[in-house]
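Here numbering that gives the first Met the number 0 is used: position 11 in the sequence shown is 10, and no number is missing along the way.
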Amino acid sequence: MNPLLVTSTAESTGKTAVTLALARIAADRGRAVGYMKPKGTRLQSVVGKTLDEDPMLARELLGLDAEMHEMEPIVYSPTFVEGAIRGREDPEELRERIAEAYDGLAADTDAMFVEGGGDYRTGGVVDLTDPDVAEVLDAEVLLVADYEDSGDVDDLLAAVDDVGDRLAGVLFNRVDDAVYDAVDQDVIPYLSNRGVDALGALPRVPELAGVTVSGLADELGAEVLVEGDGDALVQRFTVGAMGAEEALRHFRRARDAAVITGGDRSDIATAAIEATSVRCLVLTGGHRPSGSVLGKATEAGLPVLSVPSDTLTTVDRAEDVIRSGRTRDERTVEVMRDLLETHADVAALLGSDGN
0 MNPLLVTSTA ESTGKTAVTL ALARIAADRG RAVGYMKPKG TRLQSVVGKT LDEDPMLARE
60 LLGLDAEMHE MEPIVYSPTF VEGAIRGRED PEELRERIAE AYDGLAADTD AMFVEGGGDY
120 RTGGVVDLTD PDVAEVLDAE VLLVADYEDS GDVDDLLAAV DDVGDRLAGV LFNRVDDAVY
180 DAVDQDVIPY LSNRGVDALG ALPRVPELAG VTVSGLADEL GAEVLVEGDG DALVQRFTVG
240 AMGAEEALRH FRRARDAAVI TGGDRSDIAT AAIEATSVRC LVLTGGHRPS GSVLGKATEA
300 GLPVLSVPSD TLTTVDRAED VIRSGRTRDE RTVEVMRDLL ETHADVAALL GSDGN
């Protein structure tokens, strides 16, 4: 089969989970699989190097021994982008670097899975959007899309046009129950009438819709003041900016929430600890709460995180993290695999025989 490049209409639509789940399915069906992410965009510092977390996860889950510089030939960092704007990057040389890395990774495989970076337009500064990468690798493209309302179809069709003849199909991910019937009964037939294959609509499931407390702490760069249950899933956040009594009533109605409030608001912190639906407490401004507050949180088993940023900045960051659902681990991939096998045309993506 041609390599399959998984890209998306927007950032944080579940590309990593989809890519790795498809690779796991192919591997379990007897194929020797490989993975690469030509443009590393989900970056963190590892032993003095800036690397993308997704290839590291792929190497672990797929049992690969490829070097990171092959799996991620371009570190698409802000520094890289600034250098490209100033003319310090040669697009043709970058294309050759990707092609050379791909050839090495694909040599002993019969199914290659390529993950896009950011969304399908990322890389335009060096003429290496995901459609451009697909051209370099002669890859078919799976376009992953969210759907909230009919206006999203405009963005989807624009992406379809940019991908062109290499489009293998569209996969809707994280579709809410409220709009699932509209996607299934209206949007997918509409796309089909326009010659666009929709290969499935995956329902939103809580396990993939949020982020663990540990993951939230990592993404926020938080200091953990009270450990608690780091695996608890946070699906929403609420801001503690009211009186203590009102806060307690509000928190009790907020299911699977992280409470964000100033570190000097011991009354709000206490209300969050008493509300059983709160999964963690995020204290802003670098203020350390009193020993009594930390003691109550420890007794209740409620994780307490501390960040130096102000509440507004922390809210913006938390909203992005929780919205995107950045829990990425083996369990995430297995849940995605089950969704794909139940709600998507896996055979169309892995070959007509499904093997």
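Note that the Cβ used here is the ideal one computed from N, Cα and C, for glycine as well. Everything numeric in this text was worked out from a predicted model, so none of it was measured.
| Asked | Found |
| --- | --- |
| DSSP three-state assignment for Val-306, whether helix, strand or coil | coil |
| With 16 other Cβ atoms within 10 Å as the buried cut-off, status of Glu-298 | exposed |
| 8 Å Cβ cutoff met for Tyr-179 and Thr-8 | no |
| Classification of Ala-31 by the beta-carbon crowding that lies within 10 angstroms, buried from 16 upward | exposed |
| Buried or exposed by the 16-neighbour rule on C-beta atoms within 10 Å, applied to Pro-288 | buried |
| Limits of the alpha helix (DSSP H) - the one that Tyr-119 falls within | Unbroken run through Tyr-119: none, as it is neither H nor E. |
| Own chain residues within Cβ distance below 6 Å of Leu-349, not counting five before or after | Ala-25 |
| Beta-bridge pairing of Pro-2 - partner residues as DSSP gives them | DSSP output for Pro-2 lists no bridge partner at all. |
| Per DSSP, cross-strand counterpart(s) of Ile-259 | Val-238 and Val-281 |
| Residues bridged to Gly-199 [DSSP beta-bridge criterion] | Leu-170 and Ala-343 |
| Neighbourhood of Asp-126 by C-beta, 6 Å cutoff - its chain only, sequence neighbours within 5 removed | Pro-90 |
| Nonlocal neighbours in the same chain, by C-beta distance under 8 Å from Ala-256, ignoring five residues either side | Val-233, Gln-234, Arg-235, Phe-236, Thr-237, Phe-250, Ser-276, Val-277 and Arg-278 |
| Tyr-75 in three-state terms, based on DSSP | coil |
| Range of the contiguous alpha helix (DSSP H) that encloses Ala-296 | 290 to 299 |
| Check whether Pro-37 and Pro-77 have beta carbons under 8 Å apart | no |
| Cβ neighbours of Ile-272 in the same chain (closer than 8 Å, five flanking residues each side left out) | Leu-280, Val-292, Lys-295, Ala-296, Ala-299 and Leu-301 |
| Status (buried if at least 16 other CB within 10 Å, exposed otherwise) for Arg-330 | exposed |
| Buried or exposed by the 16-neighbour rule on C-beta atoms within 10 Å, applied to His-286 | exposed |
| Inter-residue CB distance, Leu-3 and Phe-112 (contact presumed, cutoff 8 Å) | 6 Å |
| Under the three-state DSSP convention, the category Tyr-179 falls into | helix |
| Continuous alpha helix (DSSP H) stretch holding Ala-26: start and end | 14 to 27 |
| Helix, strand or coil at Val-46 [DSSP, three-state] | Any reading at Val-46 must be qualified, since the residue scores a pLDDT of 46, below 50, and its modelled position is unreliable; no value is offered. |
| Classification of Asp-137 by the beta-carbon crowding that lies within 10 angstroms, buried from 16 upward | exposed |
| Proximity of Gly-356 and Leu-207 at Cβ, strictly below 8 Å | The chain is shown from 0 up to 354; residue 356 falls before or after that span and cannot be answered. |
| Option nearest Asp-148 by Cα separation, candidates Arg-193, Ala-133 and Arg-173 | Arg-173 |
| Contact set for Asp-154: own chain, Cβ-Cβ below 7 Å, skip 5 residues either direction | Thr-8 |
| Glu-139, DSSP secondary structure in three states | strand |
| Between the CA atoms of Phe-79 and Asp-185 - distance to the nearest angstrom | 42 Å |
| Reference Val-182, options Val-159, Gly-150, Gly-209 and Asp-160, closest by Cα | Gly-150 |
| Test item: CB-CB of Ile-259 and Ala-317 under 8 Å | yes |
| Asp-315 versus Gly-29: straight-line alpha-carbon distance, rounded | 44 Å |
| Terminal residues of the alpha helix (DSSP H) in which Tyr-101 lies | 90 to 105 |
| Proximity winner among Val-195, Asp-129, Asp-102 and Arg-264, relative to Ala-65 (alpha-carbon distances) | Asp-102 |
| Proximal residues to Glu-226 (C-beta, below 7 Å), its chain only, five neighbours per side dropped | Pro-302 |
| Glu-222 - partner residues in DSSP beta bridges | Ser-305 |
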